[in-house]
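Structure first, commentary second.
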Amino acid sequence: MKQIDVEFRATLRRKWILSRMINNLKILTSRIEGNLFILTPVGDGHSFRYSELQRECNAIRRSIEEPYPDVLIVNFSELKYFGSEFIGALISLARAKSDLGGKVCFCAASEEMRRVLNNMRLTRLWPYHDLLVDAIASFDENQE
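Numbered per numbering that gives the first Met the number 0, the sequence shown finishes at 143, counting up by one with no gaps.
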């Protein structure tokens, strides 16, 4: 019984630490809703330091490499532009979740960004939804 309590407390502490890490991000904002990890890059995808992007990606990666939440939704609605470094970082996060058996999708990209996703054939690897609400609905646990 004590072993279970120790493991449970360790799990809660790890989740608390991870949530504090992801709540202080500036480029890659995120939130957890049920079994969904919603990642929303913000601002202009080329007005950042590469080291900042890497630091934030590492924080996100530690969170999504946990078995829960099972789904990563990349919401592009707040991103004006992204360059190759930015899309590379997002692809590495999506692959990290997929490699662990998790699900990934993209949503709410501008027309130009959607064209980039299609040209890179990323929408063949992971589904795309026009709206965040549609992406969330596609993973609704109550669907039959």
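No residue lacks a Cβ here, since even glycine has one placed at the ideal position from N, Cα and C.
Cβ neighbour criterion (16 or more within 10 Å) applied to residue i
i: residue 33; result: exposed
i: residue 101; result: buried
i: residue 50; result: exposed
i: residue 111; result: exposed
Residues of its chain near residue i, where Cβ-Cβ distance is below 6 Å and the 5 sequence neighbours each way are ignored
i: residue 135; result: none
Inter-residue CB distance, residue i and residue j (contact presumed, cutoff 8 Å)
i: residue 76; j: residue 131; result: 6 Å
i: residue 103; j: residue 71; result: 5 Å
i: residue 59; j: residue 38; result: 6 Å
Three-way DSSP call (helix, strand, coil) for residue i in this model
i: residue 62; result: helix
i: residue 27; result: strand
i: residue 41; result: coil
i: residue 77; result: coil
Contact test: residue i Cβ vs the ligand HEM heavy atom, cutoff 7 Å
i: residue 38; result: Judged by which ligands are present, the structure shown has none, so any question about the ligand HEM falls away.
Other residues of its chain near residue i: CB distance less than 7 Å, five sequence neighbours each side excluded
i: residue 118; result: none
i: residue 95; result: 60, 63 and 64
Next on the checklist: Quick check on the DSSP output: what are the complete beta strand (DSSP E) runs of length 3 or more inside the region 92 to 137, in order along the chain?
Outcome noted: 102 to 106
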